[in-house]
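Q: My questions will all concern the structure given below.
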Amino acid sequence: MIKNTGLILALDTKDPVQAEQWAKIADATGQMIKIGMEYTYACGFDEVRRLAQGRKIFLDLKLHDIPNTVASAIASLASVKPAMLTIHALGGQDMIRAARRSVDEHFSSESKPILLAVTILTSMNQENLGSIGISVSPLEQVLLLGKMALAAGADGLVCSPHEVAYLREQLGDDVVLVVPGIRMADAVADDQQRVMTPIQAHQAGASWIVVGRPITRAENPAEMAKQIIHELQG
């Protein structure tokens, strides 16, 4: 088990005013914020850069294209200075190597983001994998992709909480494991298939957990964030 598991607050909204309000919750508790496709596509990179000022950003765009295009995209993200950046492991080892080179070339040593490879989305289960021709279990596929991505230069992985303990056992303590699919014990799973509570993910070995709706939809989002942080620390 990782001694300290960090909380990342997901700003899943198209509204810059709402995003700023949620970001201030993270500011008050010293947490990182996640900016994903929804906010980036709706508001544009000027807004992303504005929101990122003075904050630690997990920029979750899941880049997935030919190697040269992904490398060029990463070079364009240097002005945002994300603390973490995602690519998709299904892009393959050549794409991941190109992403690694681009990060090393276009970011200073002080601003270099943690390069994370997304393995299998938390909305995917065995049936979903079978529909795209993958016959192995989600656990087997995640390990296959994870080993390949790390060998090609990724610093860590984004994975379901259900794979964390196994990946920690197989890959060791130094690999960064960032885990979405977090729900409170009494909550519905929404569109997620493979979920866990914050404390379960911590005990399984998550480096960071990404929490959105359980905080942002709470009656008191700030108090819910504090409650989760307390659980992780306690």
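Heads up, the sequence shown is in the numbering used here, so the first residue is 1 and it goes up one at a time. The beta carbon of each residue, even a glycine, is placed where N, CA and C say it ideally should be.
Grouping DSSP H, G and I as helix and E and B as strand, with all else coil, what is Gly146?
A: Gly146 falls in the helix class under three-state DSSP.
Q: Which value, in whole angstroms, describes the spacing of the CA atoms of Ser111 and Ile57?
A: Taking the straight line joining both Cα atoms gives about 11 Å.
Q: For His230, count neighbouring C-beta atoms within 10 Å of its own C-beta (all shown protein chains included) and say buried if the count is 16 or more, exposed if not.
A: Result: exposed.
Q: So if DSSP puts Leu85 in a beta bridge, which residue, or which two residues, is it bridged to?
A: In the DSSP output, where bridge partners are listed per residue, Leu85 has Leu59 and Leu115.
Q: Do you know how far the Cα of Gln126 is from the Cα of Ser135?
A: Rounded to the nearest angstrom, the two C-alpha atoms are 8 Å apart.
Q: Pick from Ile215, Leu143, His106 and Tyr41: whose alpha carbon is nearest that of Val175?
A: The shortest Cα separation from Val175 among Ile215, Leu143, His106 and Tyr41 belongs to Leu143.
Q: Less than 7 Å between the C-beta atoms of Ala225 and Ile25, yes or no?
A: Cβ atoms of Ala225 and Ile25: closer than 7 Å.
Q: On the CB-based measure, 16 or more other CB atoms within 10 Å of its CB, does Glu105 come out buried or exposed?
A: By the neighbour-count rule (16 or more Cβ atoms within 10 Å), Glu105 is not buried but exposed.
Q: Quick check: what's the CA-CA separation for Tyr166 versus Arg213?
A: If I take the Cα positions, the gap works out to 26 Å.
Q: Evaluate contact between the segment 215-223 and the segment 145-162, counting only Cβ atoms and requiring at least three cross-stretch pairs below 8 Å.
A: With the cut-off at 8 Å, the segment 215-223 and the segment 145-162 do not touch.
Q: CB Ala89 to CB Ala71, shorter than 7 Å?
A: In this structure, Ala71 does not lie closer than 7 Å to Ala89 by Cβ.
Q: For Asp94 and Ala28, what's the separation of their Cα atoms in angstroms?
A: Whole-angstrom Cα-Cα distance: 40 Å.
Q: DSSP on Ile199, reduced to helix/strand/coil?
A: Helix at Ile199.
Q: Keeping to the same chain, check which residues put their C-beta closer than 8 Å to that of Gln227; ignore five residues upstream and five downstream.
A: Nothing listed; no residue qualifies.
Q: Residues bridged to Val176 by DSSP?
A: BP columns for Val176 point to Gly156.
Q: Taking just the CA atoms, how far does Ile120 sit from Ala206?
A: Rounded to the nearest angstrom, the two C-alpha atoms are 16 Å apart.
Q: Looking at Ala19: is its Cβ nearer than 7 Å to the Cβ of Leu7?
A: No.
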